[in-house]
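Colleague:
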Amino acid sequence: MLNSKKISIYKKAISSFGKAAQIIVAIEECSELQKELTKALRGKVNLLGIAEEIADVEIMLEQLKLIFDNRQEVEKFKNAKIVRLNKTLRSMNKSQE
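The end of the sequence shown is residue 339 by the numbering used here, with every number in the run present.
(1) Does the distance from the CB of K247 to the CB of L308 come in under 9 Å?
(2) Return helix, strand or coil for V267, following the three-state DSSP convention.
(3) Run the CB neighbour count on M302, radius 10 Å, all protein chains shown included, and call it buried at 16 or more, exposed below.
(4) Could you check the C-alpha separation between M243 and T280 for me, to the nearest Å?
(5) Would you kindly report the start and end of the unbroken alpha helix (DSSP H) that includes F259?
(6) Is it right to say L275 is buried, meaning 16 or more other beta carbons lie within 10 angstroms of its own, or is it exposed?
Encoded structure:
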């Protein structure tokens, strides 16, 4: 599905259900993913369940970026954190040499 179509659907969900309701759904979806991951760590891996919950969380994260109008800021933080992670990994590799 095209990105513009997805955004249109997300905006319609926000206007239909309301911002507060979608924020609550985002929290619930994060909790459901947390539950699946916890089960996996205890040896009860459900790959389809994890994939489904990741999809739900990603959908809700997109809606949160629309609700809070902070897509650019999120991208800046993501990029900075990826750079920091890369530095950490390089530092770890140097210390292992």
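Cβ atoms here follow ideal geometry from the backbone N, Cα and C, with glycine treated the same way.
Modeller: Once the coordinates are examined:
(1) A distance of 9 Å or more separates the beta carbons of K247 and L308.
(2) Looking at V267 - three-state DSSP - the assignment turns out to be helix.
(3) The residue is buried, with at least 16 neighbouring Cβ atoms inside 10 Å.
(4) C-alpha separation (whole angstroms): 31 Å.
(5) Start and end: 245 to 259.
(6) Of the other Cβ atoms in all chains shown, 16 or more fall within 10 Å of the Cβ of L275; this residue is therefore buried.
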